[in-house]
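Protein chains: 2
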Amino acid sequence: MKVCALAGGVGGAKLASGLQDVLSPGDLTIVVNTADDFDLWGLHICPDVDTVMYTLAGISNPETGWGIAGESFETLNMLEHFGEEAWFKLGDRDFATHVLRTSRMRSGETLTEVTARLSAALGVESAVLPMSDDPVATVLETQEGRLEFQEYFVRRGQRDEVFGIELRGIEEARPTEGVLAAISGADAIVLCPSNPVVSVRPILALPGMMEALTSSSAPKVAVSPIVGGRALKGPADRMLASLGREVSSTGVARMYEGLVDGMVIDRIDERERAGIEAIGMRVLATESVMRDAEDRARLASETLEFGAGMVAH
Amino acid sequence: MKVCALAGGVGGAKLASGLQDVLSPGDLTIVVNTADDFDLWGLHICPDVDTVMYTLAGISNPETGWGIAGESFETLNMLEHFGEEAWFKLGDRDFATHVLRTSRMRSGETLTEVTARLSAALGVESAVLPMSDDPVATVLETQEGRLEFQEYFVRRGQRDEVFGIELRGIEEARPTEGVLAAISGADAIVLCPSNPVVSVRPILALPGMMEALTSSSAPKVAVSPIVGGRALKGPADRMLASLGREVSSTGVARMYEGLVDGMVIDRIDERERAGIEAIGMRVLATESVMRDAEDRARLASETLEFGAGMVAH
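Going down the list, the protein sequences come from chains C and W.
Each residue of the first sequence is one higher than the one before, counting from 1 in our numbering.
Each residue of the second sequence is one higher than the one before, counting from 1001 in our numbering.
What follows is the structure in structure tokens.
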């Protein structure tokens, strides 16, 4: 059973690792948001791709969800000693990823090729596919003016209210051939519990992407990142609110209307079932908080069964 | 008393640190060879500049002479894990130097500007000046064919016989304004005990450099890197031999003929005095092996007094 998952960073990576655990090796492809990629000290950094890659390799930092477990920060400390601002916490081993990726891309390799090489070296059995090899940058409109995504997300600690989101470059960007092939060949498509506006939406907004997804007859299931009116991680709840959207699984479902066949929501949001079904989606209410590997595998399993059940109907 | 020293890597850096210790803060300028600079993973690496900078900052590794004391190698180990060859031993803190330098140079800063910034951040009181802001690359002719310098020096461990040396780019390269100003303003010029053919010669071979040096009326003293027919460090002895030159302080003196007024040689080479004086240079025979900071300061002091004595005559 071939599964194609769309994911952003930490939350998406968790479900992706659950999917990897319950599927046969090689049956999972994760299409990862690259709209928060940026350059720092001339190094090309892909936070979501790396979070997914490290998580699937089993080396991610369990405390933070991003970065590598047991990292040291000698390079970053030295950069600080040189007078640089060290707001983006790059570990020493993480630096190797960025140094090598940047070097390979300067030599003409695509982000897709570099990611495949790095993932393979880390023993990742699934295909980690950047959504595009073309640059897309998320720019946020806030009361402080326009902020680059990592400026908002890391440097300023998500403290600004977001009133608008621009995906710079999205019109010229295209999903890769590999991404399109993974979608058309999938028996199930899973939208991971990632931020719907800054993680999943950039993937969906790529020209040709919605057509590719809606052309597929595979069941499409989204796992809500909102539980009890709050984002499990990150600023999705505040973003949805400041963007004038409902901060609930129903609000997320509305954003995926016309695309998704079923929503996986948390048991504590059972009361939203009728509202989501009214949008035309099936609902699975279950324990959706992933605290450990067992939770991830169980939620992945239930999500896949939920999708398979919709096909049977 | 303003002193301008010409230096390569480890041996030159040692004497430079001795000179820094005995001079007033700010009175020392070190013009450093850049002909062994190279790029690795897209990072611009300046081995001699960094060795001098780290040594003058008091953070160099006393075991190796290069690199930073107490370094960790997490980034390099990870690059190896990614399948890269880790023949050039870049430490984690050292990586910060290369990352920042490369980034600044890509933004338009010169190597001279970047070096000044990094040196200042490390608290170096002397001026560390790359010999040129223009690229020069040392290419060695060996029985294995033509080898890039670091390929020969580090990757192949100096095991090849060197039959010829090309300084690629030297005709188009120029000493910087700062280098020329340091030379013309110097009260003494010191050629450090660095490899005469691959460390000092690239500096001297820069168009305009010999004219600048010979225009200066300051005493010019060279400290021989050959003691008892052997190089204290590195392959200078074998290189001189395979290039058909005499492996002795006299051989080094001949290479500096017409430029240098006095040679500092080791006491054990006292018998070479007459031969070197016959070339037209004064000779100081002393303990020239620098084992510790005291040795460095003493040798620096004696070298400067030797030079000053020549002016008095």
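The C-beta atom is built at its ideal place from N, Cα and C for all residues, glycine as well.
Interface annotation, arginine 254 (chain C): not in contact with chain W, CB-CB separation never under 9 Å. For alanine 1186 (chain W), the secondary structure class from DSSP, reduced to helix, strand or coil, is coil. Among the residues of chain C, those whose CB is under 7 Å from the CB of arginine 1106 (chain W) are Gly42, following chain order. Judged by beta-carbon spacing, valine 1221 (chain W) lies within the 9 Å limit of alanine 1188 (chain W), meaning their Cβ atoms are closer than that value.
Below the 9 Å Cβ cutoff, chain W contributes no neighbours of valine 198 (chain C), its closest Cβ being approximately 27 Å away.
Threonine 29 (chain C) is positioned such that its CB atom lies no closer than 9 Å to that of alanine 120 (chain C).
For phenylalanine 1038 (chain W), the uninterrupted beta strand (DSSP E) run begins and ends at 1038-1040, by DSSP.
Residue pairing from DSSP places arginine 282 (chain C) in a beta bridge opposite C:Gly262.
Listed along chain C are Ala96, Thr97, Leu100, Arg117, Leu118, Ala121 and Leu122, each with a C-beta nearer than 9 Å to that of phenylalanine 1082 (chain W). Beta-bridge analysis with DSSP links isoleucine 30 (chain C) to C:Ala5 and C:Val128.
Within chain W, the residues whose beta carbon sits less than 8 Å from that of leucine 79 (chain C) are Ala1096, Val1099 and Leu1100, listed in sequence order.
Neighbours of glutamate 1074 (chain W) in chain C, taken as residues at a C-beta separation under 9 Å, are given in chain order as Glu71, Ser72, Glu74, Thr75, Gly91, Asp92, Arg93, Phe95 and Ala96.
Runs of beta strand (DSSP E) with 3 or more residues, each lying fully within the stretch 82-110 of chain C, are absent. The beta carbon of asparagine 77 (chain C) sits closer than 8 Å to the beta carbons of Ala86 from its chain, once the five residues preceding and following it are set aside; these are given in chain order. Measuring C-alpha to C-alpha distances from aspartate 1134 (chain W) to each of W:Ala1069, W:Arg1271, W:Val1179 and W:Leu1213 identifies W:Val1179 as the nearest. In terms of Cβ geometry, glutamate 1272 (chain W) and valine 1283 (chain W) form a close pair [threshold 9 Å].
Pairwise C-beta distances place the stretch 1231-1251 of chain W in contact with the stretch 1196-1206 of chain W, as three or more of them are shorter than 8 Å. Arginine 1254 (chain W): member of the alpha helix (DSSP H) spanning 1249-1255, first to last residue. The residue among C:His81, C:His98, C:Arg106 and C:Phe88 with its C-alpha nearest the C-alpha of aspartate 1094 (chain W) is C:His81. For serine 126 (chain C), no chain W residue has a Cβ inside 7 Å of its Cβ, as the nearest lies near 18 Å away. Inclusion of valine 1031 (chain W) and isoleucine 1183 (chain W) in the CB contact set at 9 Å is warranted, their separation being smaller than that value. Isoleucine 1203 (chain W): member of the alpha helix (DSSP H) spanning 1201-1205, first to last residue.
At a cut-off of 9 Å between beta carbons, serine 249 (chain C) makes no contact with chain W. Contact check for threonine 176 (chain C) against leucine 129 (chain C) passes: the beta carbons are separated by less than 9 Å.
Taking the Cα positions, leucine 122 (chain C) is about 46 Å away from proline 1225 (chain W). Taking the Cα positions, methionine 105 (chain C) is about 48 Å away from serine 1216 (chain W).
In the DSSP secondary-structure assignment, isoleucine 45 (chain C) is bridged to C:Phe38. Residue ranges of uninterrupted alpha helix (DSSP H) with 4 or more members, entirely inside the stretch 201-245 of chain C and ordered along the chain, are 201-205, 209-215 and 236-242.
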